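K.L.:
Protein sequences, first through last, are from chains D and W.
The opening position of the first sequence corresponds to residue -11 in the numbering used here, with each subsequent residue numbered one higher.
The opening position of the second sequence corresponds to residue 0 in the numbering used here, with each subsequent residue numbered one higher.
For each residue, glycine too, the CB sits at the ideal point set by N, CA and C.
On a predicted model such as this, the values are computed, not experimentally measured, just so you know.
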Amino acid sequence: MKRIFTYLFVLIGLIVLAFSPIQDAPLLIDIKCISTQKIFEANDEITLQFSTSEKVLPHLYYSNNYGSTLIVPTYHNAILSYIIPQKLSRKSGLVNWKLLYKDNSISGEFNIIPKASVNTIETYIGPPSINAGGDDFTMLVVIPTDVFDNPIKDHTEVSIRHQFLSNETNEQIFTKNLIAYKSIYSEEKSGRIIMTSECLEINSKEYDVNVLPNIPTGFTIDYTRNHGYADGNQITTFETSILKDEYGNTVSDGTFVTFFITNKTGHILKISGTTLKGIATAKMIHPDYEEQWMVKAFVNGIAESNAITLNYKSVILDFNISLSENNRIITVGPLQSFMKQLMPDGLEVTLSVYKDNTLLKRYKKQSTTGFVTFNLNGQFLKTDTYEFRIETAGLEKTIKTKLL
Amino acid sequence: MSALNKNIIHGLLIGAYVLLVVIIVFGISAVYSYLNTGADRSSMLHIKIEAPEHYTPKVVWKPINNEGRPIDEQTLKTIESDYLDAWYVRHVAYKTNLKEGIYDFYTANARKAIFNTINLNRADNTTIESTTLEHHPEFLFFSEDGQLAVLKDDNVVEYKRVYKANKLVLETTEIANYKVVLLLEDGFWRIRHLVKEPAINSLDIIKNKPLSKIDIKGINYYPQATPWNLFGDDFNIETIDQDFKIINKANLNTIRLFIPYDGFGKASVIPNKLKKLKQVLDTAEVNHLKVIVTLFDFYGDYSVLDWTLNHKHATTIVSEFKNHNAIAAWDIKNEPDLDFKSRGESLVTSWLYKMATLVKTIDNKHPVTIGWSNAKSATILKDEIDFVSFHYYKDLDRLETTYKNLKASIPNKPIVLSEFGISSYNGLWNPLGTTEKSQANYFKKAQAILKQNKIPFMSWTLYDFKTVPKKVVGNLPWRKNAQKEFGFINTNGEKKPSFKYISN
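#1: Return the chain-ordered list of same chain residues with a C-beta closer than 7 Å to the C-beta of V129 of chain D, the five sequence neighbours on each side being excluded.
#2: Is it buried or exposed, K359 of chain W, if we count other Cβ atoms within 10 angstroms and call 16 or more buried?
#3: Give the secondary structure of L182 of chain W by DSSP, where H, G and I count as helix, E and B as strand, and everything else as coil.
#4: Name the chain D residues whose beta carbon is nearer than 7 Å to that of F243 of chain W?
#5: Can you pull the chain W neighbours of S56 of chain D, defined as C-beta to C-beta under 8 Å?
#6: Once you ignore the five residues that flank F244 of chain D on each side, which residues in its own chain have a CB closer than 6 Å to its CB?
#7: Quick check: the Cα distance between W350 of chain W and D296 of chain W, rounded to an integer number of angstroms?
#8: Can you tell me whether I304 of chain D is buried or exposed? The criterion is at least 16 other CB atoms within 10 Å of its CB, across all chains shown.
#9: Since K103 of chain D and E29 of chain D are thought to touch, with beta carbons under 8 Å apart, how far apart are those beta carbons, to the nearest angstrom?
#10: For P197 of chain W, go through chain D and note every residue whose CB falls closer than 9 Å to its CB, in chain order.
#11: Can you give me the C-alpha to C-alpha distance between G26 of chain W and L34 of chain W, rounded to a whole angstrom?
#12: Against chain D, which members of the stretch 98 to 113 of chain W pass a CB distance test of less than 8 Å?
#13: With a 10 Å radius around its C-beta and 16 neighbouring C-beta atoms as the bar for buried, classify N4 of chain W as buried or exposed.
#14: Are any of the Cβ atoms in chain W nearer than 8 Å to that of G114 of chain D?
#15: Pull the bridge partners of H135 of chain W from the DSSP assignment, please.
#16: So, under 8 Å CB-CB, Y351 of chain D and E375 of chain D are touching, yes? Tell me the CB distance rounded to an integer number of Å.
#17: Sort D:T224, D:Y70, D:N202 by Cα distance to T212 of chain D and report the nearest one.
#18: Under a CB-based cut-off of 8 Å, is S117 of chain D close to chain W?
#19: Fully enclosed by the stretch 117 to 141 of chain D, which beta strand (DSSP E) runs are 3 residues long or longer?
#20: Quick check: the stretch 99 to 106 of chain W against the stretch 146 to 161 of chain W, are there 3 or more CB pairs under 8 Å?
#21: Roughly how many whole angstroms lie between the Cα atoms of I109 of chain D and P73 of chain D?
#22: Taking a contact to mean a Cβ-Cβ separation below 8 Å, would you say L380 of chain W touches A325 of chain W in this structure?
#23: Residues of chain W with CB under 7 Å from L88 of chain D, in chain order?
#24: Can you tell me which of the three DSSP states G266 of chain D falls into?
#25: Compute the Euclidean distance between the alpha carbons of T77 of chain W and G486 of chain W, then round it to the nearest angstrom.
#26: Whole angstroms is fine: what's the gap from Q11 of chain D's alpha carbon to R342 of chain W's?
#27: How about D137 of chain D: is its C-beta nearer than 8 Å to some C-beta of chain W?
#28: Return the chain-ordered ranges of every alpha helix (DSSP H) run that is complete within the stretch 418 to 501 of chain W and spans a minimum of 4 residues.
#29: Just to confirm my understanding: we take P9 of chain D, look at its own chain, exclude 5 residues before and 5 after, and list those with CB closer than 7 Å. What are they?
#30: State the DSSP-derived secondary structure class of H9 of chain W, mapped to helix, strand or coil.
#31: Out of W:T116, W:K94, W:N118, W:Y87, which one is the CA nearest neighbour of D103 of chain W?
#32: Just to confirm the assignment: which complete beta strand (DSSP E) runs, minimum length 3, are found wholly within the stretch 283 to 342 of chain D?
#33: If contact means a Cβ-Cβ distance below 7 Å, which residues of the stretch 181 to 200 of chain D contact chain W?
#34: Could you name the residues of the stretch 172 to 191 of chain W whose beta carbon sits closer than 7 Å to any beta carbon of chain D, in the order they occur along the chain?
#35: Three-state secondary structure (DSSP) at L32 of chain D?
#36: List the whole-angstrom C-beta distance separating L273 of chain W from K216 of chain W, where the pair is believed to meet the contact cut-off of C-beta under 8 Å.
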């Protein structure tokens, strides 16, 4: 009986032991970081080492600029070694790490600095074209990077060289906040600035910026024409002087110039042209009656010319009117020009028909070989007495006749 | 005979012809109207692009005093939005180990660094859920042609959950500074360089307000006509005023309200809802009632990428009312422990921790609590909140022991019973349920226990309801019907016997 109790006691004891919580073995494990280096250079072989009293293989959490990952250790002679993958150790910047063991209390950080040599000088220039005169500027921004695309450390010297006409300039600037920049101002002449930069004995490509002429200043206009007659046939050509900016640079080709022609009655005709080598031209057909034009040109909102005055003499001093076919055919002509030659085709003649000072009908026709013929239709104008006014080239004649 | 046949045939032919015409006309018109319906004409031009808010960490710009070209507000906004999206797509990429989205917000060289890490993580089956909660950017440089910008982002608070083979191995909050070079490419501001530097600040430490005692005799409140929808279209401040008068007259001093997360507009809180909440608080003040505002009602996502939206929501509401006299306390969430099963205890707890920290940094005047559904959960985050609250719907006989046990484990913080009660339902679905009389007995007994132990309390609830929305207790009729009759006042507006024991 006693023995049974003993067995039972032992059995119960065993059962209790089986269900009792197993002692947390890691409690006794002592892990310590034994790597002391806090600064590495990009692409260094980085190994974080920990001494451990027992063989455990916790992960290492690794967090850099661009992301985080977990690293598995190798265990050898009570040392845990975490080899940082090269792809991660290439990126410069602060690195935080944590040993994923127990309450993650073992943690730290180190810095990876960029390599002290430049592989690429990334260059950004803008705007690509600026105005001459010294007020406008372009900005050169460079980001020197090492072979692993890390921006070089701050306060690194960068030489900026630029050439314009006979000037060559070399200036030193320093990287700050990952970049270095320089504003390059234009000079009085137009042309092209060529620039380059150098950092730690690595030179960039050649870059250029166009210096365009500044805006034009005042200019003059002139005209050329065959003769001064208002024949409605010849063409007058208007031409500007060479448009220049205030520093004497001829403005860019294609500068738009508008000519405003104001006639005797105050109406405005508008023609335009674009510059070629600084000169803009525009053409206008002669008026067909006596006229005086006042002409002024503008580069819209920027510059204006002097005003010039042109006179056009009337070419037709008088004309004949003949009636035929029961007065229903009215022939105007011959219309003769300044040397008694027949007017070139296309002179406009207007016939207005009045009855008791009321306008009934107006006909417009263009001259052919010096004559214009109006055929008055019996359907519309019944047999009666009418007043006919005929106008051409600024002249007017009136006849009163009976249509049969 | 044959003439009749002929007429019939004619009639049929004509009829068939008419029918055919009708069918063709109908068919053509159906096709025509089909081609003319569908998308709105304005949508052809893509004039209105609705991008829902997806990432709203707190962003505080330092005063603008940059080198280079002066920056305009519009460009700064674009840069901010693209910069934050760059963070967002990176969070998504590390969560899924996929590369989508990275192309839009990182230049070709910067992408390589991210893809290297993604490839490592994918090979090792490591995923990282992360978000950033705070940014303090300073604009450093803007190039003359407006194509390159440099900024410094100080004290970025990053929260990460690292998983190995879908198992959480690390939860961490980090703080760091970043220097960023951005380039304008294809209309996107893309990150060209990103360099991490040590932060100057350290993380905020949660501060508690020592509260020795809290004087709450209260009730959870919904109007009778609009249960679980206090701030809806049928909002009626006069009814609420009447109810508050009843509550005040019944010797109660506090009410507990619920702010639905979706209903209030998620990250962009709807101004009209804030106005209604203000009216309720003002009315409560007039009626000498204090209000415990329970945030995030009917919210259940908790995913890390949703946090910035939640934080914006809470920031808007808490900063709006932190100085309101009627506020008694902020209840971070109602019964979050019920989401432990579906979302994971660790995730929900972290969410609550961050949210409590946030509310405390915005409002350092009012205490913060979490309305746990039972006493067992109430010890979670006990050090992060100012007073403990738990709900109790079990056997009354064990209330006192439950409270005392809880008090023993949290001796230095007030403990509030923020929900308790019993339904008086005994109908078809539960013929042996409680009667109005036994409900009254329940409250009589409960109040005796509460008074004796000086337990601050808030009962559930003032009214019986005619309807209970599906989202509250689901569709099962025995649950729904029981939930309708927890009130002290029945659907006819008559006080039930339990009303006598509404307070002590």
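P.N.:
In this structure, then:
#1: A distance below 7 Å between beta-carbons, with the five flanking residues on each side excluded, links V129 of chain D to the following residues of its chain, in chain order: Y112, I167, Y169.
#2: So K359 of chain W ends up on the buried side.
#3: DSSP, read as helix, strand or coil, puts L182 of chain W in strand.
#4: Here the premise fails: no neighbours, minimum Cβ distance about 49 Å.
#5: By Cβ distance, chain W contributes Y93, T116, I127, S129, K159, V161.
#6: Closer than 6 Å at Cβ, skipping near neighbours: T262.
#7: Straight-line Cα distance between these residues: approximately 14 Å.
#8: Answer is buried; the Cβ neighbour count reaches 16.
#9: Yes, they are in contact, since the Cβ atoms of K103 of chain D and E29 of chain D sit about 6 Å apart, within 8 Å.
#10: Chain D residues near P197 of chain W: L82, E97, N99.
#11: When rounded, the distance between both Cα atoms is 12 Å.
#12: Correct list: N108, A109, K111, A112, I113.
#13: By the 10 Å Cβ count, N4 of chain W comes out exposed.
#14: Yes, contact with chain W.
#15: Beta-bridge pairing links H135 of chain W to W:D153.
#16: Between Y351 of chain D and E375 of chain D a beta carbon distance of about 14 Å is seen, past the 8 Å cut, so the two are scored as non-contacting.
#17: Nearest neighbour of T212 of chain D by Cα position, chosen from D:T224, D:Y70, D:N202, turns out to be D:T224.
#18: By this cut-off, S117 of chain D is not an interface position.
#19: If we require 3 residues or more, the beta strand (DSSP E) runs fully inside the stretch 117 to 141 of chain D come out as 117 to 119, 125 to 133.
#20: The stretch 99 to 106 of chain W vs the stretch 146 to 161 of chain W: no contact.
#21: Distance between the alpha carbons of I109 of chain D and P73 of chain D: 27 Å.
#22: For the pair L380 of chain W and A325 of chain W, the CB atoms are not nearer than the 8 Å cut-off.
#23: Per Cβ cutoff of 7 Å: V168, L169.
#24: Look at G266 of chain D here: in three-state DSSP terms it is coil, with no helix or strand label.
#25: Roughly 53 Å between the two C-alpha positions.
#26: Residue placement at Q11 of chain D cannot be trusted, given a pLDDT of 43 that sits under 50; what the coordinates show is reported in the next sentence. The alpha-carbon atoms of Q11 of chain D and R342 of chain W are separated by roughly 31 Å.
#27: Judged by the 8 Å Cβ criterion, D137 of chain D is in contact with chain W.
#28: Segments of the alpha helix (DSSP H) lying fully in the stretch 418 to 501 of chain W: 435 to 452, 469 to 472, 476 to 483.
#29: Note that P9 of chain D has pLDDT 45, beneath the 50 cutoff, so the model's placement of it is unreliable and the number below is only indicative. Cβ within range, chain order: n/a, list empty.
#30: Correct three-state label for H9 of chain W: helix.
#31: Of the residues W:T116, W:K94, W:N118, W:Y87, the one whose Cα lies closest to the Cα of D103 of chain W is W:Y87.
#32: Segments of the beta strand (DSSP E) lying fully in the stretch 283 to 342 of chain D: 291 to 302, 309 to 312, 317 to 320.
#33: If the cut-off is 7 Å between Cβ atoms, the stretch 181 to 200 of chain D has nothing near chain W.
#34: Listed by position along the chain: E173, A175, K178, V180.
#35: Here residue 32 of chain D is Asp; the residue named in the question, Leu, does not match the sequence. For D32 of chain D, the secondary structure class from DSSP, reduced to helix, strand or coil, is coil.
#36: For L273 of chain W against K216 of chain W, the beta-carbon gap comes to about 28 Å, at or over 8 Å, which does not count as contact.
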